[in-house]
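Heads up: take any position in the sequence shown, counting from 1, add 5, and you land on the working numbering.
All remarks here apply to the structure that follows.
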Amino acid sequence: MHHNIEQYKNNVLNFFLKFLEIDAVNPSFGGRGEYERANFLENYLEELGLKVTRIDYKDDKGYIRPNIITGIDNRRDKSIWFLLHLDTVDPGNLDLWKYDPFKPVIVDDKIFGRGSEDNGQAIASVLLLLKYILDKNIDIKYNLKVAFVSDEEAGSKYGIKKLLKENIFKENEYFIVPDASIENGRFIEIAEKSIVWLKIRVIGKQGHAAMPDHAINASRISMKLCLEIDEFLHRKYSKRNDFFNPPISTFEITKRERNVNSINIIPGEDVTYFDFRVLPEYNIDDILNDIYKIKNKYEKNYNVRVEIECIARDECYKITSPNSFIYKILEKSIEINRGFKPKPIGIGGGTYARYLRNKGYDAVVWQTTENKAHQVNEYCRISNILEDAKVFLTCFLI
Ligand SMILES: [Zn+2]
C-alpha cells in the first residue's frame, strides 16, 4: 500500500504556523513558558479525535508548566513513544533576524521562526503521523504514544524528569526522541557522555610581589592543583568507547576568572573551571572523590583553602543497544525510506534521552535537520517534516 502522507500537509502546516506564533520561551531565559502553546495544541489534538491527558506542574516562579500525553492505543503489547518538547530558547539578538521570530514565514521549502526546528519540526511530523493513522484507520503494530513536555531547554525539571517519577512509562515501551540530527539522519544517537562543570576556588593570601614570604600565591598553587587533577583524570579514566567521537572521556580546564589588577600584587584567590564529558562506563562520584583527595592534599601541604563546587552535573550511565527493538525498527525504517543503513553513535553533548536511559528505557535520538537550532534565523524544511513522518510511519507497519 502506498502511504500518501502528503495529503495532510496543509492541514498540519496551517496549525503549525499558528503554533509557532505562540511564544513559548522557557521561563529560565526570561520567557513566559509553554502554557498557552500547550492549550492551543491540546485543542488541535482533541479535534483530531485524540484523548489527551494533561500533567501540569507549577514551577518555582509560579508559572504553570504543562505536559501533554496522548496517543493511539491499538492494544498491542509494545508501545513506541515520541518525546517532544514545547519550550524554546529565546530569540537572541532580534536585529540579526531576517523575519520576526514569532511571525513564522514560509520561503520555498523553509519555515523560519524560533522553535521551527527545535522542536517544532518533529512536532509537525508526529502530528502528521497521528492524523494520517487516525484518518486512514491504519492498523499499527505497536501502540503509538506521544509526550509533549515542558522545560527541555533548561534541564527538564518540570518536564521529563518529573514525568519519570509519575509511573507513566511502562515495561515494553520504547522511545524515539527526535531532537537532534547527525549528518542528515545518517546516524542514530544511542549514547551520551555525562556532563560535569566544576568550579575550583583556591584561597591563599594576597600580598606584595616583592615580599612573597608574607603572602600565599593562590594562582601558583591553583595552577599546580588543576594540572594535577587534569593529569590524574586523564591517566586513571582513560577507557575507550568507539561509539563516541572522541572515543574517550574529556577533562578540560576552561574558564578562569580574572584576579588582581596589578602586576605587582600576588593574588590571594584563584578561580578555575573544568568541563568534563565522561563515558557512561564511569561513575561521577568516583571521579569527584578522587578530586577531593587531591584537594585535601593541597590544603594540607600548601596552607590554602580549596572550595570545589559542582556547577552542573548531568549523568548518563546507560547506552541503548544497537540490537534493541527500537534501534532495529528505526534502522529498518530508515533503510526502507532512505536507501541507506544508519550507524549508531554516541555524542558528548546531551539530550533528554539520557533520563530515560538512566531509568532503564531504550531510547534512540534521530531526525533530519540542517542543525539550525538555537541560531538566529532558525528554520526547518517542510520536506524534512514530511520525510521524517514517513520514516516514523513505517516504524509502525514493520
Ligand atoms: Zn530541542
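From the three backbone atoms N, C-alpha and C, an ideal C-beta is built for every residue, glycine too.
Look at E312 here: in three-state DSSP terms it is strand.
Shortest gap from the CB of E157 to any heavy atom of ligand 1: under 8 angstroms. Straight through space, the alpha carbons of I200 and N301 are spaced by roughly 24 angstroms. Per the coordinates, the alpha-carbon of I187 lies some 45 angstroms from the alpha-carbon of P272. Counting C-beta pairs with one atom in each stretch, the stretch 344–360 and the stretch 176–195 have three or more that are closer than 8 angstroms, which means they touch. Secondary structure note for D140: its alpha helix (DSSP H) is the uninterrupted segment 127–140. Of all C-beta pairs linking the stretch 347–357 to the stretch 373–389, fewer than three are shorter than 8 angstroms, placing the two stretches out of contact.
Here S84 is bridged, per DSSP, to N148, E178.
DSSP places S254 outside any beta strand (DSSP E), giving it a letter other than H or E.
A residue is called buried when at least 16 other Cβ atoms come within 10 angstroms of its Cβ; V94 meets this threshold and is buried.
If you look at T399, you'll find it isn't in any beta strand (DSSP E); it sits in the alpha helix (DSSP H) that goes 387–400. In this structure, H239 has its CB at a distance of at least 8 angstroms from all heavy atoms of ligand 1. Looking at the backbone, the Cα of P285 and that of E236 are separated by about 20 angstroms. In the three-state reduction of the DSSP assignment, D218 falls in the helix class.
Residue pairing by DSSP places I116 opposite I111, C385 in a beta bridge. Assignment of R59 by DSSP, reduced to helix, strand and coil, places it in the strand class. Judged by DSSP in its simplified three-state form, P183 adopts coil rather than helix or strand.
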